[in-house]
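A.B. asks:
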Amino acid sequence: MLSLQQKAVQVAVGQVKGFLYPSPAERAAAYELLIELSTRNTATNVGSDASLRDALSSLHAMFDISREVLRKHGAEASKGSGGNLSLAVIAVRVLNDVFRPVLSKWHPLLKSYEDKRPAEITSVEWEQRWALGESCRSELSAMRASVVAYMDTLGRIAGAGSLADSLASPPPSMLFRQEKLAKAPPHADNLKPREKMVRWLRLKEMWRNGPAMLAAGRDWRTLTAGHESEDVQPAAVFEAKENEDFWFDYASDMGDAFDGTAPVAWLMGRKEIELPKDPTNVLPPPPAFLPRGELLVFGGDEVYPFAAAGVYESQLALPFEMGFEGPEGDRRTVVAIPGNHDWLGGIKYFNDMFANDRARTSDESPPPDFAGHWHTTQSRTYWHVKLPQGWWLWGIDTGLKNKLPDVERNYFEQAAKELLPGDRVILCSPVPLWQLRQKHPQDYLAIRSALDPLIVERKATMPLCLSGDSHFFAHFESADPSIDEDHITAGGAGAFLHPTHGIPERIPLESGNVEFRLTNRWPLPADSRALAPRTSNLRDRQFWLIVVLVGLLHALFGWLAGRPAGRLQWSVDTDSNKRSVAHRGADALRWTVGSPWALLVLAVLAVAGIGAVAANTRERRLVAAARAYGIIVGSMLGASLVAVTATLRVVDRSPGWTGRTVAAAIGGALSTMMLFSLLTWVNGQIKAVDNLVFSSAHLTRFKHFIRFRIDKAGDLTCFVVGIDPVGKGWYRAMTGTLVVPPYDPAGIPRIHYVWGKTFPKFVPGPARIALSVSDPTRLPQDATEEEQ
22 MLSLQQKAVQ VAVGQVKGFL YPSPAERAAA YELLIELSTR NTATNVGSDA SLRDALSSLH
82 AMFDISREVL RKHGAEASKG SGGNLSLAVI AVRVLNDVFR PVLSKWHPLL KSYEDKRPAE
142 ITSVEWEQRW ALGESCRSEL SAMRASVVAY MDTLGRIAGA GSLADSLASP PPSMLFRQEK
202 LAKAPPHADN LKPREKMVRW LRLKEMWRNG PAMLAAGRDW RTLTAGHESE DVQPAAVFEA
262 KENEDFWFDY ASDMGDAFDG TAPVAWLMGR KEIELPKDPT NVLPPPPAFL PRGELLVFGG
322 DEVYPFAAAG VYESQLALPF EMGFEGPEGD RRTVVAIPGN HDWLGGIKYF NDMFANDRAR
382 TSDESPPPDF AGHWHTTQSR TYWHVKLPQG WWLWGIDTGL KNKLPDVERN YFEQAAKELL
442 PGDRVILCSP VPLWQLRQKH PQDYLAIRSA LDPLIVERKA TMPLCLSGDS HFFAHFESAD
502 PSIDEDHITA GGAGAFLHPT HGIPERIPLE SGNVEFRLTN RWPLPADSRA LAPRTSNLRD
562 RQFWLIVVLV GLLHALFGWL AGRPAGRLQW SVDTDSNKRS VAHRGADALR WTVGSPWALL
622 VLAVLAVAGI GAVAANTRER RLVAAARAYG IIVGSMLGAS LVAVTATLRV VDRSPGWTGR
682 TVAAAIGGAL STMMLFSLLT WVNGQIKAVD NLVFSSAHLT RFKHFIRFRI DKAGDLTCFV
742 VGIDPVGKGW YRAMTGTLVV PPYDPAGIPR IHYVWGKTFP KFVPGPARIA LSVSDPTRLP
802 QDATEEEQ
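Given below as C-alpha cells:
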C-alpha cells in the first residue's frame, strides 16, 4: 500500500523526471531546502518593481545552502529507497540544469553594468536604466515555473505539500463588477430552474439513473448503425475581417444548479469583460477589454444529472438568455458536443436543442434560437467549424463508450479534405485525452489512430485538445518538445467541483515513455485540499438513505451474531456474572465474532471495500494502493459493526426489538460518518473516489471558461477566465431587483485571470503530432522493471 511514508513522489522539474520513495533523511533535507527556497523573491514574484540584483543573489545563495544541507544529511539523502531518483540527485540536477544557465548568463552581465555606475546615481536607479533589464526579468520569470515545480516536489518529499501549495502565487484577480438586470424574459418564472445542485446519493436520483442509461444505450446503437449523409459541410464558417481580431468562447460541464451556470453565462454574455493584470508578467498580457465571442462552444455535459424534457431550456438556455447584453438583432452562434450526461436519458433531447432544428429550418429563414440571441447551426452531435486564418474546430462525439463509430470516422475523413498545408486543428472531445491515456489506453489509441493520420496527411497540425468532463482547469503539454500539442481541461462552467490535488503530474505515471506533463491547475492544490468535504455532509438529507442502509446492515449483523448454530467453540459465552465491565466487554466481543455467519459478513465487507475504492487509473502501483485502502475501509466498517453489536450485548444481554432498533440507528449514523471520513482521507492520499467524495459536497466554487482570440497575424491566444466565489441566489437576483453578482458567504465574487498562452499560426519544421513520433501501443502496464 502507498502509505503516507511510502507513497511514491513523482518528479517533473525541467528535464529532471522520475519518481522516488523518500527516506527519513530525504524528507528532513527536503524540508530544509523548501524553507530556504520559499524565502527567495524569485520564487514568489519577479515583477517590474523587483530588484534583479536581489533576485540573482538570492538564487545564487541556493548553491551554498544546498551543499550544506546535503553534507549535513550525508549519504542517506543520496542513496534513495526505490525509484530512479534521490533527493540529492534532484537538488544537484536542478542547480545545474535550471539555476546555473540563467545565473551564469545574467550574473556577470549585471555585475559588469553595475561596475560602471556613476557615484551620483543610486544603485536602484542605475539598475532601472539597464537596457538588458527587461530581458533578464523575462528569463527569471520564465524560470519561475521550474522553481515553483521544484518547491512543489520538495514539499511532497518532505510531507509538507500544503506548505508548498500555499507558496504558489494565486492567479491575479479583481472584484466582480456589480450590475442590474434590465428585464427578465417573461417565461423565466414558468421554467423554474433547479437552484440546488444534484443530490447524487438520493434514492430518487439513483432510481432514475437506470432507465436513463437504458435510453442512452438504445440511442447509441441506433445512431451508430446509420449511414452518413454525403453532405459534410462545416457547422459554421467564419472569415477573417480586415484589421479585426476574431473571438470565441469555450465552456463545458454546466446546467447543474443555476448558481453554478449563471455567473459563467452572465460573464460570457457581457459585451466585453476586463481581466486583472498579471504582476509577474508570466501570462499573456490581455487587451484592455475582451469582447464577447462570435462563437460559443459547449464541450459536453450541458445538463445534469441527465437529459429530459424541459431540462435544457430551464437549466442551460435560461441563464444564457437572461445573461446576454445587447440589442435584439445581435445574434451569435452556438455549437455543442454531448457528454455522457447528455446521452443519459436519450440523445434526442440534445438533438432537439442543438442539432435537429437546423434540418427543420429553410435556407431562407435564420437559424433557430438556442437561447435568445444565441442560435444553433449544427445538424449532428459532431461537427467541424472553419475559423479565420487557417484555424479549425473539430468536435467529436464518443458517446458512453469512448468510441468513434464508423459513421463519424467517415465524416471526419471527408472534413479533413478541406484542410490545407499549415492549417491548425483544435480538437474538442467530451473526455480529456490525457485521462483516456491514463484510464483507457486502448480507447485513447483508437481515437488517435483514427484522427491523427487525417491531419498529418494534409500537412496540418493539432496544437490544442480541449475537453471538459473533469470539473477543474488543468493544462498538460507534450513531454517531447518537438511535438506541438497542448491539452486543456476546462470543465468549470457549472457542475460540482472536482479536486486538483490528485491530478497526476505526468502521463503515464509508471512508464518511462512520458507523453504529457502537467504545468498548471486551478484551483490550487492547497484550496482543493481545504475544500475536501467532511462528515458535516450528514446534515444533507441525501445521506439519510445511506444511514438507513448501513443501519439495516447493523441489524442483520446483530441478528447473525446471535444465531447459536455453528458457533465457534472458543467463543461460547460462559454466562458468568462478572462485575468487571472489561470482562463483560471481552465476553461480548468473543460472542459477537463467534458466529461463522458474522465472520462471513466481515469478510464480505473487506472485499466490498476494494470495489468501493477504485483508482482513477490503470497504473499498477495506484491500483494496488487503491485495493489496500479499500481493504482498510471495508475492515473499519466491519469493526464498527462488531463494536456496536458487542456494546449492545454488554448493555443488554437479551436485547429486544427496541434495543436492536436503537442500536441499528446509532450504528448506521456513526458508521456512515466514519465511512465518508475514510473516503475523504483516501481521496487525499491517492487519486480515487473523486466523484463520490466531492459530488456530495455540492461545491459551486472555482467556475471558469476560456475566451480565445485569433489576431490579425493568425496567432491564437487563450485567456482562462475564473470566477470565485460565484455568489448565491442568482435566479432570485436576475428575476428581481437585486444586483448581480449576489452575496456569497465565502466572500465577495471575484474575476481571476487563471492562465493563458499564445499558439502561433505557423510552426517551423515538419508537422509532428503525438501519434506520428511515439509508440501508442506501449501502454502504462508495459513498463519494464528497470523503469519501475
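One point on numbering: in my numbering, the residue at position 390 of the sequence shown is 411, and numbering is uninterrupted.
A virtual CB, placed ideally from N, CA and C, is assigned to each residue, including glycine.
In this text, all values refer to a predicted model and were calculated from it rather than measured experimentally.
#1: Could you give the distance in angstroms between the alpha-carbon of ARG605 and the alpha-carbon of THR613?
#2: According to DSSP, is THR174 part of a helix, a strand, or is it coil?
#3: Over what stretch of residues does the alpha helix (DSSP H) that includes ASP711 continue unbroken?
#4: Looking at the structure shown, is ASP274 part of a helix, part of a strand, or coil, going by DSSP?
#5: Do PHE740 and PRO307 have their C-beta atoms closer together than 8 Å?
#6: Look at the alpha carbon of GLN410 and the alpha carbon of GLU260, and state the distance between them as a whole number of angstroms.
#7: In three-state terms, what does DSSP make of LYS708?
#8: CA-CA distance, GLY513 and VAL123?
#9: Please classify LEU720: does DSSP put it in a helix, a strand, or coil?
#10: By alpha-carbon positions, which one of CYS486, ASP118, HIS725 ends up nearest to LEU457?
#11: Count the C-beta pairs between the stretch 473-491 and the stretch 320-340 that are closer than 8 Å, then say yes if the count reaches three, no if not.
#12: Starting from the N-terminal side, write out each stretch of the alpha helix (DSSP H) that is 4 residues or longer and does not extend beyond the stretch 728-778.
#13: Would you give the residue range spanned by the alpha helix (DSSP H) that LEU440 belongs to?
#14: Could you tell me which whole alpha helix (DSSP H) segments of length 4 or greater appear in the stretch 89-160?
#15: Note down the Cα distance separating ALA649 from GLY615, rounded to an integer number of angstroms.
#16: So what's ILE653 in DSSP terms, helix, strand or just coil?
#17: Reducing DSSP to helix, strand and coil, say where ARG550 ends up.
#18: Helix or strand or just coil, what does DSSP make of MET195?
#19: Just verifying my parser: in three-state terms, what is the DSSP assignment at GLN590?
#20: Label VAL794 either buried or exposed according to how many other C-beta atoms from any shown protein chain fall within 10 Å of its C-beta, with 16 as the threshold for buried.
#21: Which of the three DSSP states, helix, strand or coil, is assigned to SER190?
#22: In terms of residues, what are the limits of the beta strand (DSSP E) holding ALA286?
#23: Counting only the same chain and skipping the five closest in sequence on each side, list residues whose C-beta sits under 8 Å from that of SER107.
#24: Would you call the CB atoms of ARG353 and GLU315 closer than 8 Å?
#25: Considering only the alpha carbon of each residue, which of VAL119, ARG121, GLY154, PHE120 lies closest to GLU135?
#26: Compare the beta carbon distance of SER656 and GLY630 with 8 Å and say whether it is the shorter of the two.
#27: Can LEU472 and PHE497 be called in contact, C-beta distance under 8 Å?
#28: Within the chosen definition, does the stretch 354-364 reach the stretch 395-405 through at least 3 CB pairs nearer than 8 Å?
#29: Can you tell me whether DSSP reads ASP390 as helix, strand or coil?
#30: Check ASP384 in the structure and name its three-state DSSP category.
#31: With distances taken Cα to Cα, identify the nearest neighbour of LYS724 among HIS508, TRP127, LYS460, TRP287.
#32: Does the distance from the CB of TYR271 to the CB of PHE780 come in under 8 Å?
#33: For the alpha helix (DSSP H) that contains ILE468, what are its first and last residues?
#34: In whole angstroms, give me the CA-to-CA distance for PHE371 and TRP776.
#35: Would you call the CB atoms of LEU782 and ASP736 closer than 8 Å?
#36: Could you tell me the distance, in whole angstroms, from the CA atom of PRO762 to the CA atom of LYS749?
C.D. replies: On the basis of the coordinates in this document:
#1: 12 Å
#2: helix
#3: 711-716 is the extent of the alpha helix (DSSP H) around ASP711.
#4: ASP274: coil per DSSP, three-state reduction.
#5: yes
#6: 8 Å
#7: coil
#8: 37 Å
#9: coil
#10: LEU457 has its Cα closest to that of CYS486, out of CYS486, ASP118, HIS725.
#11: yes
#12: 751-756
#13: First-last for LEU440: undefined, no H or E at that position.
#14: 97-100, 108-115, 121-135, 144-149
#15: 26 Å
#16: helix
#17: Correct three-state label for ARG550: helix.
#18: strand
#19: Any reading at GLN590 must be qualified, since the residue scores a pLDDT of 47, below 50, and its modelled position is unreliable; the value itself is stated next. In the three-state DSSP reduction, GLN590 falls in the helix class (H, G or I).
#20: Confidence in VAL794 is poor, its pLDDT being 39 and thus under 50, which makes the residue's placement unreliable; the coordinate value appears in the next sentence. Burial call: exposed.
#21: SER190 sits in coil when the DSSP states are folded into three classes, being neither helix nor strand.
#22: Here ALA286 belongs to no beta strand (DSSP E); instead the alpha helix (DSSP H) covers 279-290.
#23: Within the same chain, SER107 has close Cβ partners LEU41, GLU47, ALA98, SER99, LYS100, GLY101.
#24: yes
#25: GLY154
#26: yes
#27: no
#28: yes
#29: Three-state DSSP puts ASP390 in a strand.
#30: Confidence in ASP384 is poor, its pLDDT being 49 and thus under 50, which makes the residue's placement unreliable; the coordinate value appears in the next sentence. Coil at ASP384, not helix or strand.
#31: TRP287
#32: no
#33: 462-478
#34: 31 Å
#35: According to the sequence shown, residue 782 is Lys rather than Leu. In contact: LYS782 and ASP736 (Cβ atoms closer than 8 Å).
#36: 8 Å
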